[in-house]
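Colleague: Before I ask anything, here is the structure I am working with.
Below you can see the structure in the form of structure tokens.
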């Protein structure tokens with residue numbers, strides 16, 4: 013029986029990892045964790061994080077809650093003080109690095125990002141603009157767009173980023189796409205980037221799906237007659253799939269999905285048992301036990317250094333509610349793959365241990381869509397746009413989108429699933445079957 017520790021000097025409580033219901037009942041009745049049920053606590057910063065530790069006296073492994081003093085100031089939960097990191101990571105992925113605590117609210121994140129942008133100005137390569145929209149919950153959602161400078165836009169690409177990052181991380185993609193005549197439109201989730209909300213916290217991903225759907229409609233309304241693609245990475249790909257489930261086939265030219273969050277590495281059984289309880293009681297709690305330093309997102313240390321030096325990227329431990337929501341939306345998307353109705357190109361690295369390639373295989377197999385393509389990148393990890401092969405990925409994306417725009421001219425459809433190339437009749441056109449074995 014593991015032990016539960018509260019703070020540094022409290023008596024440990026014994027409970028079964030397998031019975032979250034008994035744990036909740038016994039501990040709350042005893043009053044040992046009664047403070048957890050007090051709504052203002054997680055808003056005041058009292059309960060900061062939890063992690064598994066080994067008790068020095070008994071040698072037994074348990075879950076320790078770390079209590080912190082309330083932060084300075086008060087106000088709406090969306091602007092409470094926590095921590096975010098502005099110091100660069102070490103150059104080797106997974107090594108220790110110092111964190112620099114800074115006030116974690118959206119105005120501060122925006123200020124830090126603006127300051128960094130001024131320190132590293134770059135030559136203009138597109139028409140860039142920024143704006144906010146207010147969602148149904150009254151939160152300001154940040155958006156930005158890059159469009160070709162001096163040439164007509166042949167299609168719009170709406171980008172939905174992954175967990176803990178923001179739309180600005182897709183600047184490299186935008187630079188390459190605008191050269192090819194595409195406009196790129198990005199939205200920061202609530203709790204991410206320059207949007208309102210506690211950094212790294214997502215209360216309900218269904219709200220983010222609604223924001224994504226609303227933004228997609230805005231882009232189409234502001235660019236009438238322009239074909240529209242949706243690009244989603246990781247959890248952003250799951251959001252893209254859900255946000256477009258009810259969109260008429262004629263409204264979208266297609267979906268580009270990289271490392272979609274469909275099959276996710278399951279959490280530790282202990283965390284899976286406790287997650288529903290803590291998600292409701294202390295939703296913003298940061299769980300250090302969920303950190304996996306052995307799982308890398310990219311093989312390129314320079315790209316990782318650049319990403320995690322970005323003050324708009326959340327690098328703290330995942331928050332309980334956020335983790336719970338990611339698992340929930342992945343499960344929901346997986347159960348509804350038969351509802352995918354738009355043409356898609358899905359890309360996945362075979363070395364990805366964050367979102368498993370099996371999910372992309374399942375999407376390809378179960379989606380009732382003729383125009384679909386799956387490409388596997390051997391050895392590549394989760395963040396394909398941070399991998400050394402990122403330029404080839406972008407070329408693949410451009411090639412597929414160009415093909416979709418020209419589909420009416422050649423009447424061909426392509427699927428990429430095997431090591432051979434075959435032809436068969438499909439509505440008067442042809443379907444190509446091929447396997448991609450290398451990046």
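Residue numbers (this note's numbering): 13 to 451. Note that CB positions come from ideal geometry on N, CA and C, so glycine has one too.
1. Residue 167 bridges to which residues according to DSSP?
2. Can you tell which of 186, 398, 119, 206 has the C-alpha that lies nearest to the C-alpha of residue 138?
3. Please report the straight-line C-alpha distance between residue 275 and residue 162, rounded to a whole angstrom.
4. Helix, strand or coil: which one does DSSP assign to residue 247?
5. Let's see if you can read the secondary structure: which residues bound the alpha helix (DSSP H) around residue 289?
6. Take every Cβ of the region 378 to 388, pair it with every Cβ of the region 341 to 357, and state whether three or more of those distances are shorter than 8 Å.
7. Taking 8 Å as the cut-off, decide whether the C-beta atoms of residue 336 and residue 299 are in contact.
8. Cutting at 6 Å between CB atoms, please list the residues of its own chain near residue 348, excluding the five before and the five after it.
9. Would you report the Cα separation of residue 343 and residue 214, rounded to the nearest angstrom?
10. With DSSP as the reference, label residue 360 as helix, strand or coil.
11. Since residue 184 sits in a beta bridge, which residues does DSSP pair it with?
12. Could you check which residue in 253, 235, 177, 195 has the C-alpha nearest to that of residue 272?
13. How many Å lie between residue 372 and residue 268 at the Cα?
14. In the structure shown, what three-state DSSP assignment does residue 270 receive?
15. Figure out for me which residue from 118, 394, 175 has the closest Cα to the Cα of residue 209.
16. On the premise that residue 416 lies in contact with residue 195, defined as a C-beta separation below 8 Å, what is that separation, rounded to the nearest angstrom?
17. For residue 170, tell me which candidate among 146, 197, 191 has the shortest Cα-Cα distance.
18. Expressed to the nearest angstrom, what Euclidean distance is found between the alpha-carbon atoms of residue 381 and residue 375?
Modeller: The relevant details are as follows:
1. Against the chain shown, residue 167 aligns to sequence position 155. DSSP, once it has assigned bridges, lists 194 as partnering residue 167.
2. Working through the chain shown from its first residue, we reach residue 138 at position 126. Closest by alpha carbon: 186.
3. Working through the chain shown from its first residue, we reach residue 275 at position 263. Working through the chain shown from its first residue, we reach residue 162 at position 150. Whole-angstrom Cα-Cα distance: 42 Å.
4. Position 235 of the chain shown, counting from 1, holds the residue named residue 247. Residue 247 falls in the helix class under three-state DSSP.
5. Numbered from its first residue, the chain shown carries residue 289 at position 277. Element bounds for residue 289: 281 to 293.
6. Enough Cβ pairs lie closer than 8 Å, so yes.
7. Translated into the one-based positions of the chain shown, residue 336 becomes position 324. Translated into the one-based positions of the chain shown, residue 299 becomes position 287. Not closer than 8 Å, so no.
8. By one-based count along the chain shown, residue 348 stands at place 336. Sequence-distant partners of residue 348 (beyond 5 residues in either direction) whose C-beta falls short of 6 Å from its own C-beta are missing from its chain.
9. Translated into positions along the chain shown, residue 343 becomes position 331. Translated into positions along the chain shown, residue 214 becomes position 202. Here the alpha carbon of residue 343 sits roughly 17 Å from the alpha carbon of residue 214.
10. Mapped onto the chain shown, residue 360 falls at position 348. In this structure, residue 360 counts as strand in the three-state DSSP scheme.
11. Here residue 184 is taken as the residue at index 172 of the chain shown, counted from 1. Residue 184 pairs with nothing; no bridge assigned.
12. Translated into positions along the chain shown, residue 272 becomes position 260. Out of 253, 235, 177, 195, the CA that lies nearest to the CA of residue 272 is found in 253.
13. As a position in the chain shown, residue 372 is number 360, starting the count at 1. As a position in the chain shown, residue 268 is number 256, starting the count at 1. Their Cα atoms are separated by approximately 12 Å.
14. As a working mapping, residue 270 is identified with position 258 in the chain shown. Strand at residue 270.
15. Sequence index remark: in the chain shown, residue 209 carries index 197 (1-based). Minimum Cα distance to residue 209 is reached at 118.
16. Translated into positions along the chain shown, residue 195 becomes position 183. Translated into positions along the chain shown, residue 416 becomes position 404. About 16 Å separates the CB atoms of residue 195 and residue 416; that is not less than 8 Å, and the two are not in contact.
17. Here the question's residue 170 lines up with position 158 in the chain shown. Ranking 146, 197, 191 by Cα distance to residue 170 puts 197 first.
18. Mapped onto the chain shown, residue 381 falls at position 369. Mapped onto the chain shown, residue 375 falls at position 363. Their backbone Cα atoms lie some 10 Å apart in a straight line.
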